[in-house]
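Be aware that the sequence shown starts at 1, since it is given in the UniProt record's numbering, and climbs by one per residue.
Each residue gets a CB set at the ideal place from its N, CA and C atoms; glycine is no exception.
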Amino acid sequence: MSRVKNYAKKTLLATLDPGHSIDHLFMNALDSIEEDNDIQYMGVKNVRQIPTSFIQTLIDNGFALHTYDGHSHNGRAIDYARINPITGKWMTGSSSGSAINVFYGINDLGIGTDGGGSVLAPALAVNCFGFISPLLAEEKMKRFTKKSTDGIEFYPSLGFISNSWKTMVKAIEATLPLPKAQKPILLHAPEGLIDSLPKESKNVLQKSGLKFETVKIPCFEDERQPMIEFLSKELQECDVFLNFENKVDFYGLGDSVLGHFDQETKAFQNKSGKTLIRVANMVKATALCVPAFELSSGFTLYCSSSLEKIADLLKIANTLRVKEDELIQRYFRDTAPYFEQGLIWNH
Numbered sequence: 001m002s003r004v005k006n007y008a009k010k011t012l013l014a015t016l017d018p019g020h021s022i023d024h025l026f027m028n029a030l031d032s033i034e035e036d037n038d039i040q041y042m043g044v045k046n047v048r049q050i051p052t053s054f055i056q057t058l059i060d061n062g063f064a065l066h067t068y069d070g071h072s073h074n075g076r077a078i079d080y081a082r083i084n085p086i087t088g089k090w091m092t093g094s095s096s097g098s099a100i101n102v103f104y105g106i107n108d109l110g111i112g113t114d115g116g117g118s119v120l121a122p123a124l125a126v127n128c129f130g131f132i133s134p135l136l137a138e139e140k141m142k143r144f145t146k147k148s149t150d151g152i153e154f155y156p157s158l159g160f161i162s163n164s165w166k167t168m169v170k171a172i173e174a175t176l177p178l179p180k181a182q183k184p185i186l187l188h189a190p191e192g193l194i195d196s197l198p199k200e201s202k203n204v205l206q207k208s209g210l211k212f213e214t215v216k217i218p219c220f221e222d223e224r225q226p227m228i229e230f231l232s233k234e235l236q237e238c239d240v241f242l243n244f245e246n247k248v249d250f251y252g253l254g255d256s257v258l259g260h261f262d263q264e265t266k267a268f269q270n271k272s273g274k275t276l277i278r279v280a281n282m283v284k285a286t287a288l289c290v291p292a293f294e295l296s297s298g299f300t301l302y303c304s305s306s307l308e309k310i311a312d313l314l315k316i317a318n319t320l321r322v323k324e325d326e327l328i329q330r331y332f333r334d335t336a337p338y339f340e341q342g343l344i345w346n347h
């Protein structure tokens, strides 16, 4: 299929808005697509914190603004207005619309904001790559300092969501002047990580050939403060920290608004499968999630926010990526079923 035809179908699908995730569609984005260029579609979370200068940088580096994306109310960790297309459960927030539009193939890249997991968690919830860094438009983002629902002060980081590793790297390199990765890279991971992994992800890690030192993880009891203390310490002692998030918002809903009421709601919140992704931004780490074969799960990588260590992080992430599920591509990104004519009377 030609590039122009393929992108025309993306725009047509956006007019249907299957995920109820589009606030505004820029139909003329298609004018940017040519057979002999590599321009791709991007969607932007419809919030005031994202600087137009940052969007322009991406436009200047091969992306066309296609949609303004919906999001959960007031940065909430669960979006009760939108559904995860795979599970049928409430969608993970707050950059929910950006993740959904990338998942459906409407956009190649989503730009979101992350305060306490709001890019990384929705990306993992639909098996996409996610990336955040406080170095992205850093000075402008500092203006938006706020408090989390559990009283922790922070300002958001900008981040990217994509279902393509190549597209993710393209966006990162367009916005951060990264050097080549250094050798060797000091990698830390939790004790027992390999044994705790589901089967397919265990195979991926073992075949990657990565060598890492293990560290003991304390009992967090699903509280952010001990996670902050642990990750802050690790970022000082290694180049990259490797972890795994399993079944994000599948068995429970990681929503502190819901969880604050009583012991039962707190227990339900604690089943969300979200751990260190909730505090990556709060310690001003750069973080990246790599989707696994398993649903709503993936490896997560953290480093202190220097260009040299971000380059190390990308090098390690590249060894952990897997081929995207073919059924997802066929079932959700083939536009033909969305435009079936319905009953046709044949004589």
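field: Where D312 sits in the DSSP three-state scheme
entry: The residue you call residue 312 lines up with position 312 of the sequence shown. D312 falls in the helix class under three-state DSSP.
- request: Would you identify the three-state DSSP class for L197, choosing helix, strand or coil?
  value: Numbered from its first residue, the sequence shown carries residue 197 at position 197. Of the three classes helix, strand and coil, the one that applies to L197 here is coil, per DSSP.
- prompt: Do G116 and S148 have their C-beta atoms closer together than 8 angstroms?
  reply: By 1-based counting over the sequence shown, the position of residue 116 is 116. By 1-based counting over the sequence shown, the position of residue 148 is 148. Yes. Within cutoff.
message: Taking a contact to mean a Cβ-Cβ separation below 8 angstroms, would you say V297 touches P134 in this structure?
response: By 1-based counting over the sequence shown, the position of residue 297 is 297. By 1-based counting over the sequence shown, the position of residue 134 is 134. It should be pointed out that residue 297 corresponds to Ser in this sequence rather than to Val. Taking 8 angstroms as the Cβ cut-off, S297 and P134 do not qualify as a contacting pair.
query: Does the Cβ of T52 have 16 or more other Cβ atoms within 10 Å, making it buried, or fewer, making it exposed?
result: As a first step, residue 52 must be located in the sequence shown, where it is residue number 52. By the neighbour-count rule (16 or more Cβ atoms within 10 Å), T52 is not buried but exposed.
Buried versus exposed call for C289 [16 or more other C-beta atoms within 10 Å across all chains shown]: In the sequence shown, residue 289 corresponds to position 289, counting from 1. It is buried - the Cβ of C289 has at least 16 other Cβ atoms within 10 Å.
message: Any contact between the region 22-32 and the region 68-77? By contact I mean 3 or more CB pairs, one from each, below 8 angstroms.
response: Counting Cβ pairs under 8 angstroms, three or more are found: they touch.
task: Give, in chain order, every unbroken run of the beta strand (DSSP E) that is at least 3 residues long and sits entirely within the region 264-317.
output: Runs of the beta strand (DSSP E) inside the region 264-317: 286-291, 298-303.
- request: Only counting runs of 3 or more residues, tell me where the beta strand (DSSP E) segments fall wholly within the region 31-65, in order along the chain.
  value: Within the region 31-65, the complete beta strand (DSSP E) runs of at least 3 residues are 40-45.
field: Residue environment, N74, which counts as buried when at least 16 other CB atoms sit within 10 Å
entry: Against the sequence shown, residue 74 aligns to sequence position 74. Counting Cβ neighbours within 10 Å, N74 comes out exposed, since fewer than 16 surround it.
- prompt: So D312 and V240 are in contact, right, with Cβ under 8 angstroms, and what is the actual spacing, rounded?
  reply: Counting from 1 along the sequence shown, the entry for residue 312 is found at position 312. Counting from 1 along the sequence shown, the entry for residue 240 is found at position 240. Right, the Cβ-Cβ distance comes to about 6 angstroms (below 8 angstroms), so this counts as a contact.
query: In the structure shown, what three-state DSSP assignment does F129 receive?
result: Within the sequence shown, the letter at position 129 stands for residue 129. Here F129 sits in strand by DSSP.
field: For P156 and R48, the rounded distance between their alpha carbons
entry: As a first step, residue 48 is located in the sequence shown; it is residue number 48 there, counting from the start. As a first step, residue 156 is located in the sequence shown; it is residue number 156 there, counting from the start. Looking at the backbone, the Cα of R48 and that of P156 are separated by about 12 angstroms.
message: Let's see if you can read the secondary structure: which residues bound the beta strand (DSSP E) around F160?
response: Counted from its first residue, the sequence shown places residue 160 at position 160. F160 -> beta strand (DSSP E) spans 157-162.
query: From A29 to D222, what does the alpha carbon distance come to, in whole angstroms?
result: Start at 1 with the first residue of the sequence shown, and residue 29 comes out as number 29. Start at 1 with the first residue of the sequence shown, and residue 222 comes out as number 222. Computed Cα separation, rounded: 43 angstroms.
- request: Find the nearest neighbour of K274 within the set Q40, I78, K315, judged by alpha-carbon distance.
  value: Position 274 of the sequence shown, counted from the first residue, corresponds to residue 274. Closest by alpha carbon: I78.
task: Whole angstroms is fine: what's the gap from C128's alpha carbon to I161's?
output: In the sequence shown, residue 128 corresponds to position 128, counting from 1. In the sequence shown, residue 161 corresponds to position 161, counting from 1. C128 and I161 have their C-alpha atoms some 7 angstroms from each other.
query: Cβ of L136 within 8 angstroms of Cβ of F54?
result: For the purposes of this step, residue 136 is taken as residue 136 along the sequence shown, with counting starting at 1. For the purposes of this step, residue 54 is taken as residue 54 along the sequence shown, with counting starting at 1. Yes.
Beta-carbon proximity of T113 to S95, cut-off 8 angstroms: Taking the first residue of the sequence shown as position 1, residue 113 is located at position 113. Taking the first residue of the sequence shown as position 1, residue 95 is located at position 95. In this structure, the beta-carbon distance from T113 to S95 falls below 8 angstroms.
query: Is the region 203-216 in contact with the region 314-330, if contact means three or more CB pairs nearer than 8 angstroms?
result: The region 203-216 and the region 314-330 touch, with no fewer than 3 CB-CB distances between them shorter than 8 angstroms.
- request: Buried or exposed for M1, please, with buried defined as at least 16 other CB atoms from any protein chain shown within 10 angstroms of its CB.
  value: Taking the first residue of the sequence shown as position 1, residue 1 is located at position 1. With fewer than 16 Cβ atoms within 10 Å of its Cβ, M1 is classed as exposed.
Nearest residue (CA-CA) to I228, options I83, L276, M141: Counted from its first residue, the sequence shown places residue 228 at position 228. Scanning I83, L276, M141 for the CA closest to the CA of I228 turns up L276.
message: Tell me which residues share the same chain as V257 and place their Cβ nearer than 7 angstroms to its Cβ, disregarding the 5 neighbours each side in the sequence.
response: Sequence index remark: in the sequence shown, residue 257 carries index 257 (1-based). R76, T149.
field: Own chain, CB closer than 7 angstroms to K266, minus 5 neighbours either side, in chain order
entry: Here residue 266 refers to the residue found at position 266 when the sequence shown is read from its first residue. G259, listed in sequence order.
- request: Give me the Cα-Cα distance between I100 and G19, rounded to the nearest whole angstrom.
  value: What you label residue 100 is simply residue 100 of the sequence shown in a count that begins at 1. What you label residue 19 is simply residue 19 of the sequence shown in a count that begins at 1. Each residue's alpha carbon lies about 6 angstroms from the other.
- prompt: Would the beta-carbon of G62 fall within 8 angstroms of that of I33?
  reply: Within the sequence shown, numbered from 1, the residue matching residue 62 stands at position 62. Within the sequence shown, numbered from 1, the residue matching residue 33 stands at position 33. Contact annotation: G62 and I33 have beta-carbon atoms that are not nearer than 8 angstroms.
query: Hey, does D69 have any beta-carbon neighbour from chain C nearer than 8 angstroms?
result: Of the protein chains in the structure, only one exists, and it is not chain C.
field: Inter-residue spacing [alpha-carbon to alpha-carbon] between I111 and E200
entry: Taking the sequence shown and counting its residues from 1, one reaches residue 111 at position 111. Taking the sequence shown and counting its residues from 1, one reaches residue 200 at position 200. I111 and E200: Cα-Cα distance of roughly 29 angstroms.
task: Could you tell me the distance, in whole angstroms, from the CA atom of T300 to the CA atom of L242?
output: The residue you call residue 300 lines up with position 300 of the sequence shown. The residue you call residue 242 lines up with position 242 of the sequence shown. Rounded to the nearest whole angstrom, the C-alpha separation of T300 and L242 is 6 angstroms.
- prompt: Does DSSP put F339 in a helix, a strand or coil?
  reply: Translated into positions along the sequence shown, residue 339 becomes position 339. F339: helix per DSSP, three-state reduction.
- request: Within the same chain, show all residues whose beta-carbon is closer than 8 angstroms to that of V169, passing over the 5 residues directly before and after it, in chain order.
  value: The residue you call residue 169 lines up with position 169 of the sequence shown. Sequence-distant partners of V169 (beyond 5 residues in either direction) whose C-beta falls short of 8 angstroms from its own C-beta, in its chain, are L314.
field: Bounding residues of the beta strand (DSSP E) (the contiguous stretch that carries I228)
entry: In the sequence shown, the residue the question calls residue 228 occupies position 228. In the DSSP assignment, I228 falls outside any beta strand (DSSP E) and within the unbroken alpha helix (DSSP H) covering 224-237.
- request: Starting from A189, follow its DSSP beta bridges and name the residues at the other end.
  value: Within the sequence shown, the letter at position 189 stands for residue 189. According to DSSP, A189 bridges with T214.
field: Cross-strand partners of M91 (DSSP beta bridge)
entry: Residue mapping note: residue 91 aligns to position 91 of the sequence shown, counting from 1. DSSP, once it has assigned bridges, lists D79 as partnering M91.
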